[in-house]
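Residue numbers (the working numbering): 309 to 1268. So the structure is just underneath, and the comments pick up after that.
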Amino acid sequence: MRRRDGFSRFNKIYEFQYDILGQHNINMVMTSVSGHLLNHEFTGEYRRWTGCPPVALFDAPLHKSCPQNYVDIKRTLEREVRGCQSLIIWTDCDREGENIGCEVVDVCLAVRPNLRVYRARFSEITAQSVASAARDLVAPDRLASAAVDVRSELDLRIGAAFTRLQTLRLQRVFPHVLADQLISYGSCQFPTLGFVVERYKQVQAFVPEPFWKIAVRHDNDDNDGRVEFVWKRVRLFDHRACLVLYQICMEDPTAEVVDIQSKNKSKWRPLPLDTVLHGTYLYSNGLQGNEKRIYEFIVRHFLACVSQDAQGHETKVEIDIAAERFVGSGLMVIARNYLEVYPYDRWNAKYMPVFEVGQRFQPTSVEMVDGETTAPPLLTEADLIALMERHGIGTDATHADHIETIKSRAYVGVRDDGRFVPGELGMGLVDGYDSMGLAMSKPRLRAELEADLRAICDGSRRADDVLATHVRRYRDVFVAAARQAGNIDTALSAYFGAAQPYEAAAAAEVKPVCACPKCGSSLAVRSKKDGAGLFIGCMGFPECRNATWLPAGVLAAEVTDAACDACAPTPVRRIRFKFRAGAMPAGVPLDYEGCLGGCDPALLEALGVQALTRPGGGAAQQPAARQTRPSPHGRNDSGYDSSTHASRVDSQASGGATARARAGPTPQPHREGNPRGSGVGGGGDRLGAATSRGAVGKWGAPAGSPGARSPLAPIAVGNNNAVVCGCGNDAALRTVVKEGPNRGRAFYVCSRAGPQPCDFFMWGDDGPPAPRSGDFGGADNATANCRCGVAASKRTVQKDGPNRGRQFYVCSKPQEAQCGFFEWADAAGAGQSQPPGGAGQSSKTSSGYNSGSMSMNTDPGDSEVKCNCGAPAPVRTVQKEGPNRGRQFYCCSKPRESQCGFFQWADDGRGPGITPGPSPSSNYNAPPGGAGAAGGRVKAVRKCGICGVPGHNRTKCPQR
C-alpha cells in the first residue's frame, strides 16, 4: 500500500491492489470526503437579508455548489477519477451517506461521463464485512439521495425565512437586548428547544401529591442478606384505603410463596459509537481534562464492543399476605465479561434466598410507609438525544449540532449537573409561537416530513411532490406567523421589558416575474441605482447580469399575483404598468396590465423590449433620443449587463398624407427597439390586433368610457385651436410667478380638478396654436371634412419629435364614434372637403382602436395598387420614430386579423397594378421575398448566429 497527499492535506490518497469486479490485482485508489461535498444555497439578491421579503425564499431559486473549504477535496476527486474506469462508493449506509455518495458520483461523472459506478453496502468495518460488500456491489440508491435533497432544501428555505423574520423584527423591537443577536430558526433546532421548554414547564408546574404503600422486608437468619418485596398495587393515594388493607395484613402477617420464576439473563454490551473521534489523533496531541476522559471512553467502549455480553441468573418470588400480593427479585451474576472493562454500566448481584412454592414464613417487617410524588428531572443531553431519535428530529450526525446551536444562541443553558434549562429568549420564542396556535415547537411537522422522506426512499412518493407539499405547508405557517408576529413581541416583553413599536424593514416586496432564461433564477422589477427609471433584472445578480431596460415613460411597474394564461405552462406573472402621459406611442393608455412573456407583441413593441422568456433575450433598447452612451464594459451604472446597443435613428419629416411617389424597394434592417421588425408600421396595427376582447380594448377601458384614451395620442389643439392635454380636455393657461429665468413665461397644464390630473405640461411659446380664422384657421381659410361628411377638427402635434408643431385634421366626433380620418394639414390637397369613405379613411382594428403608429390618410379608390386579395391597397404613412418615419407604404385594407400580409413601399418605383407575393411576416418589416421585389425576391436580412437579431454578427453580439 502506498499513501500520498491530495489537494486537501486532511484527506489522504491510498493506492493498493485488490481482487474485485471479477478481476485479480486491480489497482485501487481510495480517498475520503469530509461530509457533504455540495450544499444548497440561494443566488444573487436572495442571499442578502434585505434583498427580498423573507416569504420569497420559499420560491427563490437554489443551486448546489461546493463550499470553499471543500474545494480541494473536489479537485482531488476530479484529478484522480480521470485515470479510473470505475467508481465505488463506500460512504455510510444511511440516507445521508447515500446522498454524500451521489454528490461524489455527480462530481466524478462531470469529469468522466463514461465512468462505471458501484455502491458497496456494509454494516461494520471488518475484513469479513468489507470482503462481502466488495463481492456484492450494487447501484447507488438515488431515491434515498433524493430524500436527503428534499430535506436539505426544505431546511434551508424554512430556516432562512424564519431566521430573517425573527432577527430583523426582534432586533428592532428589543434593541437594548437583541440588537446584535442572531435569532435563528430551524425545523430541527426549534423542536429540540421545545423539548427543553416543555420539560422545564412540567417541572415548574408540578404539584407534589402524597401517597401510601405497604412495604415487606425479609432478612435471612444469618443476617447476610435481605429481600425487599414490592406491593403489586405499588401505591395508593387514599390514606384510609391503604390503612384498611394494612390492618388486614397485620391481623395475620404470615407470608406464603405462591410463584417462583427463574431464568438466565444477559446484559448486552454497548453498540459501536455513531460518530467516532480518532483516538490516535487525541493521544498524539496530548491528553488532559475532558480530552483524556474522551480518549479513555473511546478505548473502553471499543473493548466493550468486542467483548462478550455479561451473563447472570435472575429469580423472582411472589408471596401472598392476607390476599395482598408482593414480588421480590434477586440476581446472581455468573460472568461479568464486558463489565470488566466498561465501568459506565452497572449490573450488581442482588440477594435472594432459596424459596419453594407453598413455603410459609414470617416476614421480618410489614410496614405502611408514606411518600409524595416528585417532579420529573430536567433533561440531560442523553435524554434530549433520546427524544430527538424517538420523534425523528435530525440524524445521528446532526443531533449534537442542533443541541450546540440552541446553546450558542442562548436559547437554553446547562446547569452544573449537566441538565438543560431554557433561557429567556428561548422561553419567549416558544411561548410566542404557541400562542399563535401553530405548535412550531412540537415535533409534529418534522415527524410528518420524516414519514414522507421514508416514502420517497421506498418509492411510494415522488420527491418533487413531497417538496412542493411541504414548501406550501411551511409557507402557510410562515404567513400565519408573520401576520401574528406581535405575539412574539408580547411574550418576550415579559422578560425583556416593553417592546418598541415595530416598523417594517425598508426592503420592498419583490415578486418574480418569471424565470431568467440565462441562469434559471428569477427576473424581477427593480429600480435603477439613481432611482431614475425601472428595469427587469435577474435576481441572480451579480453572477447573472441579464436585464431588460424599461423606457423612461414607465412610471411604475407592479408585478401582480396573476399568471398569464397565454404563456402557460411557462409561469409568467402579469405586470401592471403606469405610463407618463404623452411618453408612449399613440394608443397606449396611462394604466395597463399586460404580459412581457411574448404573448403580447403590442406591449413589447410599445416598450421597445424583447420577450423576457426568449432564450438569451430580455435585452431591450431604449429610444435613441433618451439613450445614454454604454460603458466600455457593456454595463450601465446599475451593474447589470446592458445588452442594448445604440443605433442611429434618422428622423425624417413626413412627406404628406397623399403622396403617391414610388421608388425601388429598400429592405430595412431589424432594429433592436422593435423585436418583431423595423418601426415601419406594425406597432399600431399590432396594438389594434392585440386588443380584441369584446367591448373592452386591451389597452384599457371600454370604448366610450370616461377612462378610455384616444389611440391618437399626440397632445393636440382642439376645434377652437385650444391646447388639449393628455386627458382630452382643454388645457389651462398659467404664468410662472416664481423668481427665476422663466418668470412671466406662460405655460399649459391639465385643467382637470381633483387629486389625479394628468401630468401634461407645455410652454406657451413652444409651437403655439395658429390664430383661428374661420373654422380651422390657416392662410387660405380651408376646411376639411372627414369620411363622416362633417367638418374635421384641426389639431397640432405637441409631442417631442420631428412633427412637433405640425398641424393635422382628425374626425371631430367623440372617440367612440370617430371614423378614423387623419390628414396632415400641410399635405397636398389638404383642407379640401372629402366625401365619406374618401381620402382620410382609416383602418380600424377589431377592437375599435385606430392604428396608433401610422397615419390613415388613404384612399383605396384612388390607388391602382392591389393587395394579394385583389382589392385596392390603401396608402399609410409611418409615424413611429425611426429611419422610415414619414415614409408611405401600401398594405391590405382588411382588418388586422384577416389581412393577406401584402406590403409595398409607395416610393419603390413600381407602377400600379403590380401584385407581389405574400409577405412571410405581417409585421410590416420590409418582408423578404415580398412586395414585388425585382426578380421576385429580396435578399434576406442577415441575422446574428447567437441571438438571432439582425444588425450585428456573432463577434459583436451583446449576448456573448
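All residues carry an ideal CB built from backbone N, CA and C; glycine is no exception.
If you follow the alpha helix (DSSP H) that residue i is in, where does it begin and where does it stop?
i    : result
P651 : Counting along the chain, P651 falls outside any alpha helix (DSSP H), and DSSP gives it neither H nor E.
P909 : P909 to L915
L595 : Careful: L595 lies outside any alpha helix (DSSP H) and carries neither H nor E.
S460 : R450 to V481
I381 : V379 to V389
L501 : Q497 to A513
Under 8 Å, do residue i and residue j count as touching if we go by C-beta distance?
i     : j     : result
F887  : L863  : yes
H344  : E461  : no
K521  : C550  : yes
I321  : V337  : yes
A630  : D560  : yes
A914  : G906  : no
A442  : I334  : no
C1119 : A1100 : yes
V1173 : Q1115 : no
A763  : R769  : yes
K382  : V415  : yes
V565  : V665  : yes
Round the Cβ separation of residue i and residue j to the nearest angstrom and send it over; I've been treating them as touching at under 8 Å.
i    : j    : result
V662 : F537 : Going by Cβ atoms, the distance from V662 to F537 rounds to 16 Å, so no, they are not a contact pair.
P578 : A612 : 5 Å
P448 : G409 : 6 Å
D527 : T672 : 5 Å
G848 : R834 : 12 Å between Cβ atoms; not a contact.
N407 : V438 : Contact flag wrong, Cβ pair sits at about 22 Å.
V787 : V363 : 7 Å
G740 : A799 : 4 Å
R882 : E901 : 6 Å
V867 : V821 : 6 Å
A793 : R477 : 6 Å
If you drop the 5 nearest sequence neighbours on each side, which residues of the same chain put their C-beta closer than 8 Å to that of residue i?
i    : result
F519 : R543, L544, F545, D678, G679, E680 and T681
D617 : S574, K575, W576, R577, N645 and Y646
E811 : R480
R727 : P685, L686, L687 and T688
D529 : none
A789 : F470, L473, Y741, M744, L746 and M748
I714 : Q497, T500, L501, V504, V720 and G734
Need the endpoints of the beta strand (DSSP E) that residue i sits in, please.
i     : result
Y322  : I321 to I328
E680  : S673 to E680
S570  : A563 to K575
S830  : S830 to S835
M1070 : F1069 to W1071
M336  : Q331 to M338
L842  : L842 to C846
R1042 : A1040 to T1043
N347  : N347 to F350
R884  : R881 to F887
Can you name, in chain order, every residue of its own chain whose Cβ lies under 6 Å from the Cβ of residue i, other than the five neighbours on each side?
i    : result
R754 : S495, P499 and I701
R683 : Note that residue 683 is Ala in the sequence shown, not Arg. Answer for A683: V511 and F514, listed in chain order.
K826 : C852 and N854
Y782 : I466
E411 : L345 and L346
L464 : H348
E386 : V419
Here's a check: name, in chain order, each residue in its chain whose Cβ is nearer than 7 Å to the Cβ of residue i, leaving out the five neighbours to either side.
i     : result
V505  : P730, G734, M735, V738 and S749
L445  : I396, Y426, R427 and A428
Y508  : L686, V729 and P730
S1013 : Confidence at S1013 is low in this model, with a pLDDT of 36, below 50, so the placement of that residue is unreliable and no value is reported for it.
V458  : L761, I764, A771, V774 and L775
S615  : R577, N645, Y646 and V649
S316  : D380, I381 and T384
A718  : G731 and L733
Please confirm whether residue i has its beta-carbon closer than 8 Å to some beta-carbon of chain B.
i    : result
V641 : Looking for chain B here will not work: only one protein chain is present.
Ignoring anything shorter than 3 residues or poking outside the stretch 529-560, list the beta strand (DSSP E) runs there in chain order. 534-539
For the stretch 352-427, list the alpha helix (DSSP H) runs that are entirely contained and at least 4 residues long, ordered along the chain. 379-389 and 403-419
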